[in-house]
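So the sequences go chain by chain: S and D.
Taking this note's numbering, the leading residue of the first sequence gets 9, the next gets one more, and so forth.
Taking this note's numbering, the leading residue of the second sequence gets 9, the next gets one more, and so forth.
Quick reminder that beta carbons are idealized off the backbone N, C-alpha and C, glycines included.
Please read these numbers as outputs of a predicted model, since none were measured by experiment.
Only one structure is covered here, and it is reproduced in the block below.
There are 2 protein chains.
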Amino acid sequence: MEITLSPIAYINSTLNDKKECPKQGHEGGIEAQVIIEPEYLDAMKGLKEGSEIILLTWLHKADRTCLEVHPRGDSSRPKRGVFATRSPDRPNPIGVHKVTIKKITENTLTVYPLETLDGTPIVDIKVAMRK
Amino acid sequence: MEITLSPIAYINSTLNDKKECPKQGHEGGIEAQVIIEPEYLDAMKGLKEGSEIILLTWLHKADRTCLEVHPRGDSSRPKRGVFATRSPDRPNPIGVHKVTIKKITENTLTVYPLETLDGTPIVDIKVAMRK
């Protein structure tokens with residue numbers, strides 16, 4: 009079975025180098041823009057400034073052949089299966105990011121805090137669960 | 009840009025009909041099994057019984073052409089863009105499910121609570137954030 013996705017948006021960010029990306033949004037994530045592709049603008053209706061959403065990103069620079077990693081890139085720690093980590097390197101590198109919408113314009117969500125590279129494709133947006 | 013995913017696991021569940029699925033795990037989700045594909049067993053190392061994980065599912069019965077829905081299928085409520093909902097119907101229907109691992113065997117995670125159909129493909133597994 010093969011699954012095909014098309015990006016519904018892309019990230020505008022000042023983060024341009026994998027090495028300068030924080031590992032998680034709450035560890036120094038910054039404000040970034042989510043630019044929605046024109047054909048998906050109707051799917052944005054009802055999003056509100058101040059609300060929390062989940063962004064699913066396609067981590068396009070990740071190593072998809074990697075099954076085990078040193079947690080947090082620390083080689084003094086024993087290797088662990090990627091499913092037991094949050095490493096971007098994994099067979100299907102989809103990132104899950106909880107962010108707050110700071111501002112909405114016609115095709116752009118300004119969100120915070122986000123730790124992904126400039127140009128990262130977004131494959132889905134959902135409202136965060138309240139609990 | 010086109011993105012291709014291969015399932016890394018499939019769900020075994022007693023839920024066989026979309027209509028009988030709860031809308032969210034905490035609204036009557038049940039115990040289910042995640043059966044890992046043989047080539048990804050190394051990526052499971054380090055998962056622990058009792059810990060919380062995020063499953064990303066491919067909602068294979070969803071309507072990918074849908075951009076607006078009545079929230080929670082309630083036609084008395086005005087339509088809203090799918091990105092402002094948790095509807096399974098959306099351009100890239102990836103489900104995000106926080107579950108607890110009840111039991112681990114060689115290729116199987118028994119998890120709770122899960123609200124997805126039997127046979128649903130899993131595209132990623134991550135540890136849940138602590139905060």
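Which of helix, strand or coil DSSP assigns to residue i
i, result
"D:D50", "helix"
"D:P79", "helix"
"D:A92", "helix"
"D:K31", "coil"
"D:K111", "strand"
"S:K26", "helix"
"S:P129", "strand"
"D:A70", "coil"
"S:E57", "coil"
"D:P15", "coil"
"S:E136", "Reading off the sequence shown, one finds Ala at residue 136 of chain S, where the question assumed Glu. Note: S:A136 maps to coil in three-state DSSP."
"D:K106", "strand"
"S:T124", "coil"
"D:G100", "According to the sequence displayed, residue 100 of chain D carries Asn and not Gly. Of the three classes helix, strand and coil, the one that applies to D:N100 here is coil, per DSSP."
"S:E39", "strand"
Chain-order list of residues whose beta-carbon lies under 8 Å from that of residue i (same chain, five-residue window excluded)
i, result
"D:E123", "L23, C29, P30, K31, Q32, G33, E35, G36, G37, I38, H105"
"S:A49", "The residue you asked about is not Ala; residue 49 of chain S is Leu in the sequence shown. Only E114, N115 meet the Cβ criterion."
"S:P15", "E45, W66, P129, I130, V131"
"D:K56", "I109, I112"
Contact set between residue i and chain S, taken where Cβ atoms lie within less than 7 Å
i, result
"D:I133", "F91"
"D:R94", "K134, V135"
"D:G54", "R88, G89, A92"
"D:D50", "L75, E76, G89"
Own chain residues within Cβ distance below 7 Å of residue i, not counting five before or after
i, result
"D:A40", "I19, N20, S21, V119, L122"
"S:T93", "V77, P79"
"S:R85", "H78, P79"
"S:A136", "E60, I61, I62, K106"
Whole-number beta carbon distance between residue j and residue i, since they are thought to touch under 8 Å
i, j, result
"D:R72", "S:K53", "D:R72 to S:K53, Cβ: 18 Å. No contact."
"D:A17", "S:V90", "Not confirmed; about 13 Å, so no contact."
"D:L75", "D:V107", "Not a contact, Cβ separation roughly 29 Å."
"D:K26", "D:L125", "7 Å"
"D:I11", "S:T12", "7 Å"
Close beta carbons around residue i, own chain, < 6 Å, minus the five adjacent residues each side
i, result
"S:A70", "P96, D97, P101"
"S:L117", "V42, I109"
"D:S59", "I109"
"S:G103", "T65, L67"
Contacts that residue i makes with chain D (C-beta to C-beta distance below 9 Å)
i, result
"S:L64", "L64, N100, I102, V104"
Under 8 Å by beta carbon: chain S residues contacting residue i
i, result
"D:G127", "Neighbours of D:G127 on chain S: none; closest Cβ ~10 Å, over 8 Å."
"D:I11", "T12, L13, S14, P15, W66, P129, V131"
Chain-ordered neighbours of residue i on chain D, where CB pairs are closer than 8 Å
i, result
"S:I38", "Per Cβ cutoff of 8 Å: no residues; S:I38 is ~18 Å from chain D at best."
Cβ-heavy atom distance, residue i to the ligand ADP, below 7 Å
i, result
"D:E57", "Absent from the structure shown: the ligand ADP. Ligands present: none."
Residue-level contact to chain B via CB, residue i, 8 Å cutoff
i, result
"D:T73", "Annotation note: the requested chain B is absent from the structure, which comprises protein chains S and D."
- Could you name the residues of the segment 110-123 of chain D whose beta carbon sits closer than 8 Å to any beta carbon of chain S, in the order they occur along the chain? Listed in sequence order: no entries.
- Query: Taking any Cβ of chain S, which residues in the segment 14-28 of chain D have a Cβ under 8 Å from it, in chain order?
  - Reply: Of all residues in the segment 14-28 of chain D, S14, P15, I16 have a Cβ within less than 8 Å of some Cβ in chain S.
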